[in-house]
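Chains as they are written, first to last, in the working numbering: chain A, 1 to 208; chain B, 209 to 416; chain C, 417 to 624; chain D, 625 to 832.
Beta carbons are placed, not taken as given, at the ideal position from N, Cα and C, and that holds for glycine.
Computed from a predicted model, the values in this text were never measured in an experiment.
Here is the structure we will look at, set down as structure tokens.
Number of protein chains: 4
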Amino acid sequence: MREPRAAAPTTAPAAGAPAAPRGRRADAERNRAAIITAATAVFAEHGADVDVREIARRSGVGMGTLYRHFPSKEDLLRLSLEQEFTAWLTQAHERAAATEDPWQALSGFFEQVLTTQAHNRALMDSYVQTGGPTESCVHKCRVFIDALRQRCEQAGVLRPGVSTEDLLSLSGSLCTTVQTVGDERRWRRLMTISLDGLSSRHREPLPS
Amino acid sequence: MREPRAAAPTTAPAAGAPAAPRGRRADAERNRAAIITAATAVFAEHGADVDVREIARRSGVGMGTLYRHFPSKEDLLRLSLEQEFTAWLTQAHERAAATEDPWQALSGFFEQVLTTQAHNRALMDSYVQTGGPTESCVHKCRVFIDALRQRCEQAGVLRPGVSTEDLLSLSGSLCTTVQTVGDERRWRRLMTISLDGLSSRHREPLPS
Amino acid sequence: MREPRAAAPTTAPAAGAPAAPRGRRADAERNRAAIITAATAVFAEHGADVDVREIARRSGVGMGTLYRHFPSKEDLLRLSLEQEFTAWLTQAHERAAATEDPWQALSGFFEQVLTTQAHNRALMDSYVQTGGPTESCVHKCRVFIDALRQRCEQAGVLRPGVSTEDLLSLSGSLCTTVQTVGDERRWRRLMTISLDGLSSRHREPLPS
Amino acid sequence: MREPRAAAPTTAPAAGAPAAPRGRRADAERNRAAIITAATAVFAEHGADVDVREIARRSGVGMGTLYRHFPSKEDLLRLSLEQEFTAWLTQAHERAAATEDPWQALSGFFEQVLTTQAHNRALMDSYVQTGGPTESCVHKCRVFIDALRQRCEQAGVLRPGVSTEDLLSLSGSLCTTVQTVGDERRWRRLMTISLDGLSSRHREPLPS
DNA sequence: CATGAATGAGAGTTCATTCAT
DNA sequence: CATGAATGAACTCTCATTCAT
């Protein structure tokens, strides 16, 4: 009556973990992970409005189990996005750290935003609308972007007057087009245009 | 316990209208118009997800009438947006025609897109997602933008390689930020940046 | 898929009412009445905790219809009880007015409370717990009881110091026994005892 | 992300308990007691409708243990009340035995009923509805009340014709008011009235 | 034998669409 | 041809009870 349990939790049991340390917890944790995995996938595909039952079905658990782990749909959504967002931001940090050229670091971030957008609807929806699923996430992201901005500024490659908020909004704004146009080459063009508008080649002051 | 039957449809029967065989037609047409008007307002305010009842209420007709004229919510939405879109595009034409400077015509269009976005949620949503409510609308819009593009191109003020699609997507993409940030000065900055990226100061080829 | 429509609305179309004056309203009113009737019956039988679906089923309407007439279960409950309470209090008024002897009027009221209790669980539950389904109901009831009390007091048949609140609480308190013991003769004995305790034969002051 | 497994059941394993074969038994018995204790407290506070989880939480055992000892919520409720009821009745016996004046013994019992009502919701609910949680309890209570009644009767202080059932019902009936009115002085008035109605000052026969 | 996670049948409520009047 | 009442599937969430570990 239920699929035989999807075999693929995203977060697999940590590599060298020995036989489950505690009788039950392992299974519960597996379920919890399965729910988040499923939720993440479902939210990514259909957005935040999907039926919770779809998530329960996909994760192979009953409604009760789902609600035992997450007291409300809202909570599940938040947690799922929080996790995704964190992973995403971590990757962003790594990439930026591995990139010497400040401008390339910035463009790399824009690229990551847009690539992710193609694969996770709910995640990027939250990025676009509020900057992230959580105040804390938004803050961290802002801090990260601010660092990027300062690097570029000090290298003299960023248009004067560009704020962190500008970068946040602009990167989010471009997300729309990824949803709209399936073709990657298409949205890369827009990204290039916007980034060029951010370059220090332009020195005219921005409004207000 | 119930109001004695509000005898007052918003559009009252025209005074001297004879019991002409066409009376019904006229009435129906009036209803149809009232529905579209109301739908337009409601969709603009609350987006495409509003309860259909709200539209019926606002237009002063019953649900049956509404569904007689429009077989589904979808249809009503499409038609309402079609109309709005056309009016909007007409205005865009007029403005562009009245603007001598090609570049100013282009920026003026971007500005109109974003200003409208602040006032008509559903309309711009469709613009962002598919370029317009209808294939036909999208086409007309594309033609218009193409004209703008050509004017700019011929004046040598547009970055080489920028396509009509680019302009369509880019203008739509900026819409997001209007929703997100309430402040007009905020989104004007992003618009400036994007437009600058479109200027002929940049001659590097765009990807693909 | 639904019973062919229970033929018996409690509130039948007013006697000499000619063919339904208004196209639809009549039917809707019938449904509304059917819902209240069903709700009243169901609440009376099972208390306030029944499934709303049971009411919908019993009244022969869909859930939507029920919720069209009453925005929430709470509202339906309140209205149903309000109606019952009013009818009940009206009858109480009539009886009291038709009874010359003040003491008999008081006992008659107690009797009515208990008789009703045997037939309407939710109604009397509200009477017992808060004095009625609504502040307004409670007030009216209090006023009525106060009148009864004054009549008895002036006739010198009521124990000195007995307050309106005492009478309200005492009548409610006896309700319990009706639920408990099915036999009418049983609870009449208790009523007699309590009423005797209220008689002016006792002149000892009440506590506090 | 989860507390490291709270190692602390409320009733910790007694220090020097040997790994005796009876160890399990003892443990089980301790659990059973803990459950009843918790259930009693919880039922007293919130009534019989509380979530079973609350009881498990409060007793420090898992749901499985709870259901091992008590096959259903109903059973647990019954047992908990049975125990409370017995203790309560024992106390009633003691008080009655320690009271010389028969009438004072009777009033004392009424007072105990009402005082308890203020402190143990579920217990008194069962008293009110069925006379007690169990046929056996009801019987014992009836016997006790009958003794009280006989003492009063023989002392000539009880209204002739008052049955044991009358006393049972009347004392239960007054419980309602304790729930309703918080003020102790308020329900004492009603109690006084009812008791006065039971006094031998009234010699009129009771109905039926 | 204890654990507490899992279950799933409802609960109250909403809304696009249909249909009797 | 208009009306707006009726429909009912779908939604989020709860809780008594079972079952794998």
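Where residue i meets chain A, residues with beta-carbon distance less than 7 Å
i          : result
Pro-310(B) : Correct list: empty, because the minimum Cβ distance to chain A is about 18 Å.
Ser-381(B) : Ser-173, Leu-174, Thr-176, Thr-177, Leu-190
Contact check, residue i vs residue j, beta carbons under 9 Å
i          : j          : result
Ser-208(A) : Pro-160(A) : no
Glu-498(C) : Cys-557(C) : no
Gly-588(C) : Thr-804(D) : yes
Ala-662(D) : Ala-720(D) : no
Glu-500(C) : Leu-539(C) : yes
Thr-593(C) : Ser-793(D) : yes
Leu-583(C) : Leu-622(C) : no
His-277(B) : Ala-236(B) : yes
Pro-102(A) : Cys-152(A) : yes
Ala-658(D) : Asp-749(D) : no
Leu-76(A)  : Pro-133(A) : no
Phe-144(A) : Ala-87(A)  : no
Arg-186(A) : Thr-164(A) : no
Ala-326(B) : Glu-392(B) : yes
Phe-459(C) : Ser-496(C) : yes
Leu-614(C) : Val-578(C) : yes
Arg-446(C) : Glu-527(C) : no
Val-50(A)  : Leu-66(A)  : no
Residues that residue i bridges to, as DSSP identifies them
i          : result
Ser-823(D) : Leu-782(D)
Residues that residue i contacts on chain C, provided the C-beta gap is smaller than 9 Å
i          : result
Arg-812(D) : Leu-622, Pro-623, Ser-624
Gln-753(D) : Thr-592, Gln-595, Thr-596
Where residue i falls: helix, strand or coil (DSSP)
i          : result
Val-685(D) : coil
Asn-239(B) : helix
Leu-289(B) : helix
Gly-16(A)  : Because the pLDDT at Gly-16(A) is just 39, under 50, the model does not fix this residue reliably, and the value given afterwards should be weighed accordingly. Note: Gly-16(A) maps to coil in three-state DSSP.
Val-762(D) : helix
Ser-523(C) : helix
Leu-830(D) : coil
Asp-75(A)  : helix
Glu-581(C) : helix
Pro-102(A) : helix
Ser-610(C) : helix
His-327(B) : helix
Gly-588(C) : helix
Ala-256(B) : coil
Phe-352(B) : helix
Asp-749(D) : helix
Phe-667(D) : helix
Outcome for residue i when other beta-carbon atoms lying within 10 angstroms are tallied against a minimum of 16
i          : result
Pro-487(C) : exposed
Gly-182(A) : exposed
Gly-780(D) : exposed
Gly-480(C) : exposed
His-202(A) : buried
Ser-402(B) : buried
Asp-205(B) : Any property of residue 205(B) remains undetermined from this structure, which presents chain B solely from 209 to 416.
Gly-478(C) : exposed
Ala-306(B) : exposed
Thr-506(C) : exposed
Thr-248(B) : buried
Thr-324(B) : buried
Leu-606(C) : buried
Gly-432(C) : Bear in mind that the predicted position of Gly-432(C) carries a pLDDT of just 38, short of 50, making it unreliable; the figure below should be weighed with that in mind. Classification for Gly-432(C): exposed.
Under 9 Å by beta carbon: chain D residues contacting residue i
i          : result
Leu-495(C) : Ordered by position in chain D, no residue passes the 9 Å Cβ test against Leu-495(C), which lies about 23 Å from the chain.
Contacts that residue i makes with chain A (C-beta to C-beta distance below 9 Å)
i          : result
Glu-343(B) : Within chain A, no residue comes near Glu-343(B); the closest Cβ sits about 15 Å away, beyond 9 Å.
Asp-374(B) : Arg-186, Arg-189, Leu-190, Ile-193
Listed by chain order, chain C residues near residue i by CB distance under 7 Å
i          : result
Thr-739(D) : What Thr-739(D) touches in chain C: nothing, since even the nearest Cβ is about 14 Å away.
Per-residue contacts from residue i into chain D (C-beta, under 8 Å)
i          : result
Leu-614(C) : Ile-817, Gly-821
Partner residues on chain D for residue i, Cβ-Cβ distance less than 7 Å
i          : result
His-618(C) : Asp-820
Leu-586(C) : Leu-814, Ile-817
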